[in-house]
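*Asks:* In terms of my numbering, the sequence shown has 36 at position 36, counting the first letter as 1, and numbering is strictly consecutive.
Right, I'll just put the structure down here and ask away after.
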Amino acid sequence: MIDGLIAGKLYATPESRTDKSGRPFAVCKVRATSGDGESLFVNVIAFDDAPCHALLALTEGDSVALAGSLTPRVWTDKQGNTRPALDMVAHQVLSAYHAKHKRAAMDTDRAHPAAPAQHHPDNAAPNAPEW
């Protein structure tokens with residue numbers, strides 16, 4: 001396997017599935033364009049909660065960037081031509097949707113900073129000077 005990054009558009013809306021032991025996972029297909037203008041399809045599967053939830057929040061046509069383990073392979077189209085493809089186990093997902101929501105959360109945190117922790121002698125440790 002190869003650790004890699006891919007970026008492209010979702011070819012179809014991601015789907016949630018369940019394995020034989022009842023654990024959920026997500027699958028999708030990403031269409032990435034190579035430097036020569038050819039499209040490369042990446043079959044993506046995600047097992048961890050964070051990438052699963054991130055993928056399932058997206059729909060067909062959304063732009064996405066993924067990090068994970070890649071396995072190259074070849075498939076044959078209807079005309080009998082062999083084409084390259086990649087299989088990916090996604091570990092990280094980033095999209096405009098997630099960046100926008102994370103940015104909004106960060107802006108909210110900056111606008112409403114948390115109050116400093118109040119020190120109260122009743123909560124002091126036994127070896128603290130207040131004792």
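Yeah, the Cβ is synthetic: ideal placement off N, Cα and C, and Gly gets one too.
Does the beta-carbon of P72 have 16 or more other beta-carbons within 10 angstroms, so that it is buried, or is it exposed?
*Replies:* In the sequence shown, the residue the question calls residue 72 occupies position 72. Exposed, by the Cβ-count rule.
*Asks:* Do you know offhand how far G61's Cα is from G80's?
*Replies:* Here residue 61 is taken as the residue at index 61 of the sequence shown, counted from 1. Here residue 80 is taken as the residue at index 80 of the sequence shown, counted from 1. So the two alpha carbons sit approximately 27 Å from each other.
*Asks:* When DSSP labels each residue in this structure, what does P51 get in the three-state scheme?
*Replies:* The residue you call residue 51 lines up with position 51 of the sequence shown. Here P51 sits in helix by DSSP.
*Asks:* May I ask you to verify whether the segment 48 to 57 touches the segment 33 to 40, counting CB pairs closer than 8 Å and requiring at least 3?
*Replies:* No: fewer than three Cβ pairs fall under 8 Å.
*Asks:* Less than 8 Å between the beta carbons of A7 and V44, yes or no?
*Replies:* Counting from 1 along the sequence shown, the entry for residue 7 is found at position 7. Counting from 1 along the sequence shown, the entry for residue 44 is found at position 44. No, the Cβ-Cβ distance between A7 and V44 is not below 8 Å.
*Asks:* So the beta strand (DSSP E) S95 belongs to, where does it begin and stop?
*Replies:* Here residue 95 is taken as the residue at index 95 of the sequence shown, counted from 1. Here the beta strand (DSSP E) through S95 covers T82 to S95.
*Asks:* Short of 7 Å in beta carbon distance, which residues of its chain neighbour T18, apart from the five on each side in sequence? Order them along the chain.
*Replies:* Position 18 of the sequence shown holds residue 18. Within the same chain, T18 has close Cβ partners P24.
*Asks:* With K9 and S63 assumed to form a contact (beta carbons below 8 Å), what rounded beta-carbon distance in angstroms separates them?
*Replies:* Here residue 9 corresponds to residue number 9 of the sequence shown, with the count starting at 1. Here residue 63 corresponds to residue number 63 of the sequence shown, with the count starting at 1. Their Cβ separation, rounded to whole angstroms, is 6 Å, which keeps K9 and S63 in contact under 8 Å.
*Asks:* Contact check, A57 vs L5 under 8 Å by CB: the rounded distance?
*Replies:* In the sequence shown, the residue the question calls residue 57 occupies position 57. In the sequence shown, the residue the question calls residue 5 occupies position 5. With 8 Å as the limit, A57 and L5 do not qualify as a contact, their Cβ atoms being about 20 Å apart.
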